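Asker: The listed protein sequences correspond, in order, to chains L and Y.
For the first sequence, position 87 (counting from the first letter as 1) is numbered 253 according to my numbering, and the numbering increases by one without interruption.
For the second sequence, position 125 (counting from the first letter as 1) is numbered 126 according to my numbering, and the numbering increases by one without interruption.
Have a look at the structure that comes next, please.
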Amino acid sequence: MHVYLPIAEISVNILLLIGLGAAVGMLSGLFGVGGGFLMTPLLIFIGIPPAVAVGSGANLLVATSITGVLAHWRRQSVDFKMGGVLLVGGIIGSTGGVFLFKKLQSIGHIDVVIGLSYVIFLGTIGGLMFFESVRSIARRRRGTAQRGKLHKHTWVHGLPFKMRFHKSRLYVSALLPLIAGAFVGLLAAIMGVGGGFIMVPAMIYLIGMPTSVVAGTSLFQILFVVINVTLMQAWLNQTVDVILALLMLVGSIVGVQLGTRLGSKLPGDHFRVLLAILVLTTCFGILFELVATPSFPYSVIVQSGLK
Amino acid sequence: MRIAVVLISVILSAVPAEARQIATDLSSHHIEITAGFEGAELLLFGHEANAEDILVIVRGPDQPVTIRRKERFAGIWVNQTEVTFSATPGFYYVAVTPGLKADGRLETILTETGLGARYLGLTALGETQLVETFRKALIELRGSSKLYSTEPGEVQIRPDGLFRVTVPFPASTPVGNYSVIVYQIVDGWPIVGATTPLRIQKAGFSAYVFDLAHRTPFIYGLVAITIALSAGWLGGFAFRRG
């Protein structure tokens, strides 16, 4: 059974889309990651134009992050002040990103930029994750755990424009969350990802936030950033396919529940190795597409607007 | 597969060659692309008094297109060169009668009149030596996606002059105004016998979504966000209770 996607302008099997949504949802339930970084490349692999994959991916993330934000809100694990500063950066970064996207699209380089961004980020994150989890498995086998310093004073604490964040019990420069937010916003606009995989480590290691508020605060920022990306992509580039996003959402909602239940039964370290392998495989898949000699190096772009 | 069959009848009346009168008719004037569209077939039929050879062209709406060529740059394949053609048919179908196909004249006719898909004259914006290479690439690409018939299809014709041809439209058929042109081969040269318009348009829900996204993109964006927020919230709500 096929459905004609009005914005992507191609016919795709409905079950394939729901299945993809379920698979990505399950992984995100299993590993507690957003899944955007797998969703966009998968959509591109099945023939959705990269620009539409990114725009609709952001639209889907609006739906998948709202429930998380509400849950964290109820548990009071959102630092709204920190989230607000991150968000100011995020709005600037993502708005700039959508304009950059439009420019790259008009000169024909958007596909390569999307592909390269994925290779760089998935490669780095996957590699780090792989070594980190392998090391922690080895450490656990040896049965020794080293305790780090509670508070290190680094160059980060010398930056100007300091602000007090009560919820996070921090007194740090507002520049840090502002820049981190802007960078993640840029990635959201160009790659169609929430950026949790950058934001969470940045919050813990760079800003020094307590882990209890990290997940809620990053989700809060992501929700509003993807709302902004969806609006800007739809407005400026007409690359948001609601039908595509909705079909994937149906699968995703079910997948997340399955993943969460499955995840609670399995050990964490081995799991992170699996996730790392998955991330690296996706990375190599995209890299191969960029490097392999195309069977036909030409492509057609119809320049018409509304007919 | 759902196939929309549209009948076009072209009646070429039995008048002598010098005063051919042609009547054309369409049983339906448009094909609708709806949510489940996977392509369509159109049946064209008619009558040619002397059962002479026939050439049929179905030409889609003209579109400006840019052809880009990837070249290797620092190890990866990047779009490097591009040529823009101001007007290219979005769909181009050619069919001929078996007599003409068997005859050596066909290739000459297709070349000299520029009627063959491979010989379409396309105007490029700006001057480059690459135009011919890119023109061939465009025709190759559209040929492989079944938008252009690089090899002519077959018009079936009976000794009494009744003819018919099935025109296949792929799922990616562009919307717009089409023309169906039937040529009679007179003294080895094609003469326009009959022209019939055809319209292909998006219809139903997908057309509505496309229009909203392109005419009022800001509102469409807000709608997309609202739908996602409520769907996500409902989904989470259902499972929290369930």
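By construction, the Cβ of each residue, glycine as well, lies at the ideal position given by its N, Cα and C atoms.
Quantities reported herein were computed from a predicted structural model and do not represent experimental measurements.
Note down, in chain order, every chain Y residue with its Cβ under 8 Å from the Cβ of L/Gly274.
Answerer: Going along chain Y in sequence order, the residues near L/Gly274 (Cβ under 8 Å) are Thr67, Arg69, Asn80 and Glu83.
Asker: Quick check: what's the CA-CA separation for Y/Phe86 versus L/Ala381?
Answerer: One C-alpha to the other measures close to 51 Å.
Asker: Anything in chain L within Cβ reach of Y/Trp234, meaning under 9 Å, just list it in chain order.
Answerer: Under the 9 Å cutoff, chain L gives Ala229, Ile232, Thr233 and Leu236.
Asker: May I have the straight-line CA-CA distance separating Y/Pro102 from L/Gly360, to the nearest angstrom?
Answerer: Rather than Pro, the amino acid found at residue 102 of chain Y in this sequence is Lys. The alpha-carbon atoms of Y/Lys102 and L/Gly360 are separated by roughly 58 Å.
Asker: State the Cα-Cα distance for the pair L/Gly429 and L/Leu196, rounded to the nearest angstrom.
Answerer: Rounded to the nearest angstrom, the two C-alpha atoms are 5 Å apart.
Asker: For L/Ser222, which three-state DSSP category applies?
Answerer: Residue state, collapsed to three classes: helix.
Asker: Between which two residues does the beta strand (DSSP E) carrying Y/Glu42 extend?
Answerer: Where Y/Glu42 is concerned, the enclosing beta strand (DSSP E) stretches over Ala41 to His48.
Asker: Could you work out which residue in L/Ser465, L/Ser222, L/Leu446 and L/Phe462 is closest to L/Gln295 when comparing CA atoms only?
Answerer: Strictly speaking, residue 295 of chain L in this sequence is Met, with Gln absent from that position. Nearest of L/Ser465, L/Ser222, L/Leu446 and L/Phe462 to L/Met295, Cα basis: L/Leu446.
Asker: Less than 8 Å between CB atoms is the rule here; does Y/Tyr93 satisfy it with respect to chain L?
Answerer: Cβ-Cβ to chain L under 8 Å: no for Y/Tyr93.
Asker: Which residues, in chain order, does the region 28-60 of chain Y contribute to contact with chain L at a C-beta distance below 9 Å?
Answerer: Residues Ile34, Thr35, Ala36, Gly37, Phe38, Glu39 and Gly40.
Asker: Does Y/Pro175 pass the burial test, meaning 16 or more other C-beta atoms within 10 Å, or should it be called exposed?
Answerer: So Y/Pro175 ends up on the buried side.
Asker: Distance, Cα to Cα, L/Val457 vs L/Ile373?
Answerer: Each residue's Cα considered, the two are about 37 Å apart.
Asker: Quick one: list the residues of chain Y neighbouring L/His159, beta-carbon separation under 7 Å, in chain order.
Answerer: Past the edges of chain L, shown from 167 to 473, lies residue 159 of chain L, and the structure says nothing about it.
Asker: Which same chain residues, not among the five before or five after L/Val300, have their C-beta less than 7 Å away from its C-beta?
Answerer: Hits under 7 Å: Val439.
Asker: What are the residues of the region 247-278 of chain L that lie near chain Y, defined by any Cβ-Cβ distance shorter than 9 Å?
Answerer: Going along the region 247-278 of chain L in chain order, one finds Ile273, Gly274, His275, Asp277 and Val278 with a Cβ nearer than 9 Å to chain Y.
Asker: Taking contact to mean 3 or more Cβ pairs, one atom from each stretch, closer than 8 Å, check whether the region 211-227 of chain Y and the region 48-66 of chain Y are in contact.
Answerer: Verdict: no, contact absent.
Asker: At a CB distance below 9 Å, what residues from the region 457-469 of chain L approach chain Y? Give them in sequence order.
Answerer: Within the region 457-469 of chain L, the residues whose Cβ lies closer than 9 Å to some Cβ of chain Y are Val457, Ala458, Thr459, Pro460, Phe462, Pro463, Tyr464, Ser465, Val466, Ile467, Val468 and Gln469, listed in chain order.
Asker: State the start and end residues of the unbroken beta strand (DSSP E) segment that holds L/Asn483.
Answerer: Past the boundaries of the shown model lies residue 483 of chain L; chain L is included only from 167 to 473, so the question cannot be answered.
Asker: Ordered along the chain, which non-local residues of its own chain (more than five positions away) have a Cβ less than 7 Å from that of Y/Arg119?
Answerer: Excluding positions up to five away in sequence, the list reads Ile140 and Thr151.
Asker: Mind reading off the beta-carbon distance from L/Leu288 to L/Thr448? Whole number of angstroms is fine, and I expect it under 8 Å.
Answerer: Indeed they touch by this definition, with Cβ atoms about 6 Å apart.
Asker: Quick one: give me the first and last residue of the alpha helix (DSSP H) that L/Val380 is part of.
Answerer: From DSSP, the alpha helix (DSSP H) with L/Val380 extends over Thr377 to Met398.
Asker: Can you list, in chain order, the residues of its chain with a C-beta nearer than 6 Å to that of L/Ile467? Leave out the 5 residues immediately preceding and following it.
Answerer: None.
Asker: Would you please state the rounded distance, in angstroms, between the beta carbons of L/Val220 and L/Met357? I believe it to be under 8 Å.
Answerer: Yes, they are in contact, since the Cβ atoms of L/Val220 and L/Met357 sit about 7 Å apart, within 8 Å.
Asker: Along the chain, where does the alpha helix (DSSP H) that runs through L/Gln242 open and close?
Answerer: Neither: L/Gln242 is in no alpha helix (DSSP H) and is coded neither H nor E.
Asker: Return helix, strand or coil for L/Gly361, following the three-state DSSP convention.
Answerer: Coil, per DSSP.
Asker: What would DSSP say about Y/Arg165, mapped onto helix, strand or coil?
Answerer: Strand, per DSSP.
Asker: The beta strand (DSSP E) that contains Y/Gly194, what's its start and end?
Answerer: Run containing Y/Gly194: Trp190 to Lys203, per the beta strand (DSSP E) assignment.
Asker: Please tell me whether L/Ser194 has its Cβ less than 8 Å away from any Cβ of chain Y.
Answerer: No, its Cβ sits nowhere closer than 8 Å to a Cβ of chain Y.
Asker: When the Cβ atoms of the region 185-192 of chain Y are set against those of the region 37-55 of chain Y, are three or more pairs found closer than 8 Å?
Answerer: Taking 8 Å as the limit for Cβ pairs, the verdict is that the region 37-55 of chain Y does touch the region 185-192 of chain Y.
Asker: Out of L/Pro216, L/Val190 and L/Val416, point me to the one whose CA is closest to L/Met205's CA.
Answerer: Of the candidates L/Pro216, L/Val190 and L/Val416, the one whose C-alpha sits nearest the C-alpha of L/Met205 is L/Val190.
Asker: On a Cα-Cα basis, can you pick out the residue from L/Leu444, L/Thr377, L/Glu298 and L/Met398 that is closest to L/Phe265?
Answerer: Among L/Leu444, L/Thr377, L/Glu298 and L/Met398, the Cα nearest to that of L/Phe265 is on L/Met398.
Asker: Check this for me: beta carbons of L/Thr426 and Y/Trp234, under 8 Å apart or not?
Answerer: No. Outside cutoff.
Asker: Relative to the C-alpha of Y/Phe164, which residue among Y/Thr98, Y/Ala138 and Y/Arg200 is closest?
Answerer: For the residues Y/Thr98, Y/Ala138 and Y/Arg200, the minimum Cα distance to Y/Phe164 belongs to Y/Thr98.
Asker: Would you say Y/Val16 faces chain L, with C-beta separation under 8 Å as the test?
Answerer: In this predicted model, Y/Val16 has a pLDDT of only 41, less than 50, meaning its place in the structure is not dependable; the value taken from the coordinates is given anyway. By this cut-off, Y/Val16 is not an interface position.
Asker: Assuming L/Ala348 and L/Gly250 make a contact with CB atoms under 8 Å, what is their CB distance in whole Å?
Answerer: 14 Å between Cβ atoms; not a contact.
Asker: Taking Cβ positions only, does L/Asn179 come closer than 8 Å to chain Y?
Answerer: It does not; no Cβ of chain Y falls within 8 Å.
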